[in-house]
Amino acid sequence: MKQFMTNLGMEHIILPLGDRQTLFSCSGEGLTALETFPLFTLDHRAEIGCSFLVTFAACKSALIVQAWWLTGRVGVPEVIELPKGICGEAFLITSADELFVGGKSDRPWLGRMNLLEPIRSWVSLLPDEDLKFANEKGIDALSLTPYGDRLIAYDNLMLPLYAWIMDRSEQGWSKPRRIEIEPEYTYEHIVSAYATDDLVYLITRGINHGNSMQFLRRFDRNAEKSELLLSETQKDIYSKSSENDAMFETGQEWSQVMATEAGTVLIAAGDHGLGRYDVNSELTYLGDQAANYIALIDHGASVAVAFENREKATPTRWEIDVYSTEGQSEFPRLRLNSLAAADAAPDA
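Numbering (this note's numbering), first residue to last: 14 to 361.
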């Protein structure tokens with residue numbers, strides 16, 4: 014989930030609120046709800062580009078695309094199908110409204126589409142020579158640097174693990190360059206990826222003899238040198254301790270990672286809430302509900318967290334808190350909820 018910055022300094026994000034994905038403007042006064050999207054499923058993240066909002070359709074063989082304007086006005090939703098036989102797993106949209114989708118059929122697939130072109134079409138990007146021995150593999154995750162100059166597509170659990178790096182210049186995107194990623198565990202696949210200018214962060218998950226593990230890994234910009242930051246076992250989901258002191262108490266599965274340029278890592282950590290891993294290598298959890306979606310705002314100084322309260326009825330199930338990336342709560346949930354509900358009510 015990324016934010017979009019206008020030339021007026023106003024940021025925009027899209028997160029679940031109530032029972033719908035919601036477009037917000039962000040300023041020093043907090044978040045203001047602009048529009049809701051009844052066709053955008055809450056099961057998938059939505060991304061925001063300069064002129065378009067994008068999410069997967071329920072079947073993930075197609076995407077829903079909707080134009081938007083700074084006033085909050087939106088266009089008619091469009092359905093864009095993936096090539097026949099492709100199942101999407103990850104997507105992102107650049108500030109230039111280039112849509113990238115990773116997925117698989119019988120082998121990995123990475124495609125690009127320029128949403129601004131009058132006649133749109135998919136361009137397959139992975140070289141045939143890279144796919145000769147890639148049966149049953151796929152693209153699990155994508156990351157894009159803040160200035161949009163490097164995209165990395167990450168392979169799935171079948172060894173060897175690959176990543177394809179593409180750099181953007183004035184001449185366009187370079188040919189994808191394949192590298193191999195050293196696995197941390199058996200049957201490891203990438204759940205979420207996020208890139209800063211100099212570093213790449215991955216949440217990965219693996220299984221070995223019934224023991225499920227999840228990891229927070231940090232790589233250099235070229236995805237070559239890696240460092241294991243966190244590991245968590247799910248061997249015994251009822252246990253609050255582990256035989257291995259390096260493993261943390263088990264919790265819900267981590268689903269999304271973001272990071273600041275200063276090195277603070279934010280994790281959507283399910284029932285544990287918002288995970289915050291700081292530069293002192295300490296992990297703390299914030300919030301009292303399940304955190305499933307996060308978005309950096311305020312130039313990375315704050316993070317908006319969509320919490321799911323499963324005890325509430327559907328229309329009020331999703332709530333939003335805003336925290337500084339240093340860990341303090343900045344806006345109380347009730348104030349933010351009432352503000353968003355008032356703005357969104359006419360179109361709900």
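Note that CB positions come from ideal geometry on N, CA and C, so glycine has one too.
Given the structure is predicted, the values throughout are model-derived calculations rather than measurements.
For a test of the three-state rule: what should DSSP assign to residue i, helix, strand or coil?
i           : result
residue 312 : helix
residue 168 : strand
residue 217 : strand
residue 260 : In this prediction, residue 260 has a pLDDT of 39, which is less than 50 and means its spatial position is unreliable; what the coordinates show is noted afterwards. Note: residue 260 maps to coil in three-state DSSP.
Just the Cα atoms here: how many angstroms apart are residue i and residue j?
i           : j           : result
residue 39  : residue 148 : 44 angstroms
residue 56  : residue 71  : 8 angstroms
residue 276 : residue 216 : 15 angstroms
residue 160 : residue 206 : 16 angstroms
residue 164 : residue 157 : 5 angstroms
residue 301 : residue 103 : 28 angstroms
residue 175 : residue 168 : 5 angstroms
residue 234 : residue 289 : 22 angstroms
residue 80  : residue 65  : 4 angstroms
residue 287 : residue 232 : 22 angstroms
residue 185 : residue 111 : 11 angstroms
residue 143 : residue 82  : 40 angstroms
residue 92  : residue 294 : 43 angstroms
How would you call residue i, buried or exposed, if buried means at least 16 neighbouring beta carbons within 10 angstroms?
i           : result
residue 222 : exposed
residue 326 : exposed
residue 213 : buried
residue 24  : buried
residue 269 : buried
residue 49  : buried
residue 31  : buried
residue 316 : buried
residue 58  : buried
residue 371 : Past the edges of the chain, shown from 14 to 361, lies residue 371, and the structure says nothing about it.
residue 201 : buried
residue 133 : exposed
Is residue j closer than 8 angstroms to residue i when the C-beta atoms are compared?
i           : j           : result
residue 115 : residue 155 : yes
residue 76  : residue 306 : no
residue 108 : residue 151 : no
residue 89  : residue 78  : no
residue 304 : residue 283 : yes
Considering just the uninterrupted stretch of the beta strand (DSSP E) at residue i, what are its terminal residues?
i           : result
residue 334 : 331 to 337
residue 48  : 43 to 50
residue 191 : 190 to 194
residue 78  : 75 to 80
residue 39  : 33 to 40
residue 117 : 111 to 117
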